[in-house]
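Protein chains in written order, with the numbering used here: chain A, 13 to 747; chain B, 10 to 269.
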């Protein structure tokens, strides 16, 4: 027995030291790689929220559980691994002392029971995963599988390794039971006992050998698993908790991050020589970006909700992140040699560059963003939708077409279980394309010029901003008309009409509705009239941060000067920018969306819907009201108060499907695949609702186009109308 | 290859414009000024020629009040190398003839191989300044180009006219005006905007440019505005309600308008 224990110890420790040496090297490499990123600021502020995120999202698995079955399977696997941590302790103990038990709790039946239970649940979990992978096989389902482009063979290896962890666990435990050294001889470990009953007939010597071999196998499998994890997409086991801890709290939606220089917001008036403007190379990303890339588990939840991917466009948020990760690894020699000193703006760290092998050097100098037409993964229509850098290696790494497909709807960010900040990366790359490369869809030229010269995306004259006032039969207070230089104290709200609200016909109707409803309810409001300009949302989301900063600075100056406090808007994009982005420039206002204000007025009895509308209504959540600003209930309550019947679309609430206009896509042509607005319009029509209620001027235009085209081309959707929630309320309120 | 591009700051093309009551000159102060859009095509073409040529220099030339410097800066942010801004109170009210005189004086003797213009300015819309400048400089004029090729000491353009496209070649130096179909002007990158702040702009007074003040300004203008009036507001249209006789009513209306 003594010599057997020595052999067990020597082999066990040799395995451990051998494999851990490799694992340690890899870990050190990964940490150094992450640290080679550019600085990211504010990633450790508000530690309470971070600890909470860790509890809710990591331990509580909240985002995974948005999808019930895969979520539960992952809970089993995740909690299984936490609980089975105790068995790792036990197996190493058993190297030294054959009847080792964890101090104090080590013989409790409950502990033995939990270990066995979770061992079993891990098996259940990986079985579910296997079934999901078979049913979602990308080889059969193509781009409609969420695993399209993911490393599926790697995933199968992981599942197989987890299976190996579990069976070797039960093998040595059952043998321990039979040789009498098992810590839970008094019961609880029900799986172990069952397996032991199968092994028992083999006899004592065999069981003694099985015990030792089982322990070696368990140690070897666990360590090999660790090594595989460190070299695969399964890296998320280590990276995801770090990523969640350092993620934007409460989430990476709503405001975009300002551009930073050495931890300070970049001064666009006089930028430092070496400041970067967006991301034009993998070496320009921050360490947080690198941890994002390492965390991606290729699960495809992002892609399954993406409006671009679902309408057969090149962009998949998953493939984009995978592509960035593969690039990070392919260029890691450079990243490590440059140590964050990559100058950017088309320049390289020469010393680092010269230290590279010719292959890596070619990779580093490869164009980063550009056309990928002609890659091996080209679709039949000539466009690419691959995230695989390995093909078309002479082409640019990031497909510009995919980059501009993004509507910034936030579905990917909202879904991502490991809190990857997709939109921030896409916008950073757009910033480089606009401000440095000057290479972007030509349609945006017109948008930028209109914003610069006219302060609105349509190029209308500022003098026409008040045109709607002439079309209502009550008085509207215009700031400055009576010589005010600040907003009078008796004014409840500054009504920020917005460019759409002033110039676009459908949105103008909403403006007039909201003004009339406020008038009826006795809410005193005032408009800025010609003093208003675009908030800068489309410029910012198109990557033109410089233009956004100019517009935002101008608006913040005006709003602060007139001492604006409470603002009501009809456009969710204005809401997001005024409420969530202007604080970055020193503008802090209490901003509400008209659906919130009107809902409060109805609840307070200041507006009374008397004629409920006798039509079924479905409500479409605008991305910038819902996902980005979490306003889901007020518009629904308002719709509920004005109509008899409501019906929900399948994709609603935080799973709402974009209308296609966000991210400045409103001003770009949609040339590839099917149309996003049509996809959403068809879903709304399919509910059978006769009214599609919207709460955003852009959703209104997009969905109205979708419904009209079905009516005109196919004679379908007869009698269906797209209306703003305020129209419903006004119709119901007026008798 | 040294190219001059003449650019003009104009009141925003889509804004409502007013003439000043006193002297009937366009009121530039009340409207946002922008670089004449057609001149953007000329700047783009100049940059393209230099890029294709591998070397060269693009100089922006503008005549206008102080704030016309913004138009020069805009062209520099697109990528032009330097600017010349002719600004003098005595130039105010200059017509096309006087403008061509002033511009020709500035351009002459600086060794330009090519002088580019947009085909017209969106405020005055006369399209004559390029031709007049060519005449004053004694150079060939190749106007309304939608394609420009420079090779071996000569320039060849496709000239768009109502009758079709003519191909015209002239030896350098020459004056060329371009139409908006010729290219897609680039949007200045932020890098370009920053770089433009440091590029040299030579500001000239009338005296610096050696102008004879008798030939410039409102007083020297060959054309004169006697009177002007605001365009009458659009009258409301006639709405014909169809009460069974809609067709007849429309026919009567059209007959009354002498359409039928």
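We treat Cβ as the ideally placed atom computed from N, Cα and C, and that holds for glycine.
Same chain, Cβ closer than 8 angstroms to residue i, neighbours up to 5 away in sequence not counted
i, result
"residue 420 of chain A", "435, 438, 439, 553, 635, 674, 675"
"residue 56 of chain A", "62, 258"
"residue 409 of chain A", "294, 335, 339, 378, 379, 380, 381, 401"
"residue 372 of chain A", "342, 343, 345, 346"
Whether residue i touches residue j by CB criterion (8 angstroms)
i, j, result
"residue 128 of chain A", "residue 208 of chain A", "no"
"residue 529 of chain A", "residue 610 of chain A", "yes"
"residue 31 of chain A", "residue 183 of chain A", "no"
"residue 116 of chain A", "residue 102 of chain A", "no"
"residue 242 of chain A", "residue 38 of chain A", "yes"
"residue 572 of chain A", "residue 599 of chain A", "yes"
"residue 70 of chain B", "residue 116 of chain B", "yes"
"residue 283 of chain A", "residue 669 of chain A", "no"
"residue 36 of chain B", "residue 29 of chain B", "yes"
"residue 54 of chain A", "residue 298 of chain A", "no"
"residue 112 of chain B", "residue 72 of chain B", "yes"
"residue 290 of chain A", "residue 444 of chain A", "yes"
"residue 564 of chain A", "residue 542 of chain A", "no"
Exposed unless 16 or more other CB atoms sit within 10 angstroms - verdict on residue i
i, result
"residue 595 of chain A", "exposed"
"residue 266 of chain B", "exposed"
"residue 686 of chain A", "exposed"
"residue 738 of chain A", "buried"
"residue 64 of chain B", "exposed"
"residue 647 of chain A", "buried"
"residue 315 of chain A", "buried"
"residue 263 of chain B", "exposed"
"residue 29 of chain A", "exposed"
"residue 120 of chain B", "exposed"
"residue 442 of chain A", "buried"
"residue 106 of chain A", "buried"
Residues bridged to residue i [DSSP beta-bridge criterion]
i, result
"residue 583 of chain A", "Paired residues: none, contrary to the question."
"residue 165 of chain B", "B/158, B/178"
"residue 424 of chain A", "In the DSSP output, where bridge partners are listed per residue, residue 424 of chain A has none listed."
"residue 44 of chain B", "B/18"
"residue 733 of chain A", "A/703"
"residue 71 of chain B", "B/16, B/94"
"residue 657 of chain A", "A/628"
"residue 269 of chain B", "Residue 269 of chain B pairs with nothing; no bridge assigned."
"residue 506 of chain A", "A/538, A/579"
"residue 28 of chain B", "B/35"
Close Cβ partners of residue i (< 6 angstroms) along its chain, the five nearest in sequence each way excluded
i, result
"residue 549 of chain A", "585, 589"
"residue 505 of chain A", "537, 578, 580"
"residue 232 of chain B", "104"
"residue 124 of chain A", "196, 200, 201"
"residue 393 of chain A", "The predicted model places residue 393 of chain A with a pLDDT of 40, which falls under 50 and marks its position as unreliable; any figure quoted below should be read in that light. None."
Distance, residue j Cα to residue i Cα
i, j, result
"residue 728 of chain A", "residue 695 of chain A", "13 angstroms"
"residue 618 of chain A", "residue 534 of chain A", "8 angstroms"
"residue 179 of chain B", "residue 163 of chain B", "6 angstroms"
"residue 358 of chain A", "residue 292 of chain A", "8 angstroms"
"residue 269 of chain B", "residue 245 of chain B", "21 angstroms"
"residue 709 of chain A", "residue 477 of chain A", "16 angstroms"
"residue 575 of chain A", "residue 495 of chain A", "15 angstroms"
"residue 391 of chain A", "residue 164 of chain A", "Only weak support is given to the placement of residue 391 of chain A: the predicted model assigns it a pLDDT of 47, under 50, and the question is left unresolved by the model."
"residue 179 of chain A", "residue 423 of chain A", "39 angstroms"
"residue 207 of chain B", "residue 136 of chain B", "32 angstroms"
"residue 744 of chain A", "residue 651 of chain A", "10 angstroms"
"residue 701 of chain A", "residue 659 of chain A", "7 angstroms"
"residue 273 of chain A", "residue 352 of chain A", "14 angstroms"
"residue 81 of chain B", "residue 166 of chain B", "26 angstroms"
"residue 679 of chain A", "residue 551 of chain A", "11 angstroms"
"residue 88 of chain A", "residue 42 of chain A", "28 angstroms"
"residue 88 of chain B", "residue 170 of chain B", "30 angstroms"
Sequence-distant residues of the same chain with beta carbon closer than 7 angstroms to residue i, five excluded per side
i, result
"residue 211 of chain A", "186, 187, 190, 219, 222"
"residue 234 of chain A", "100, 177"
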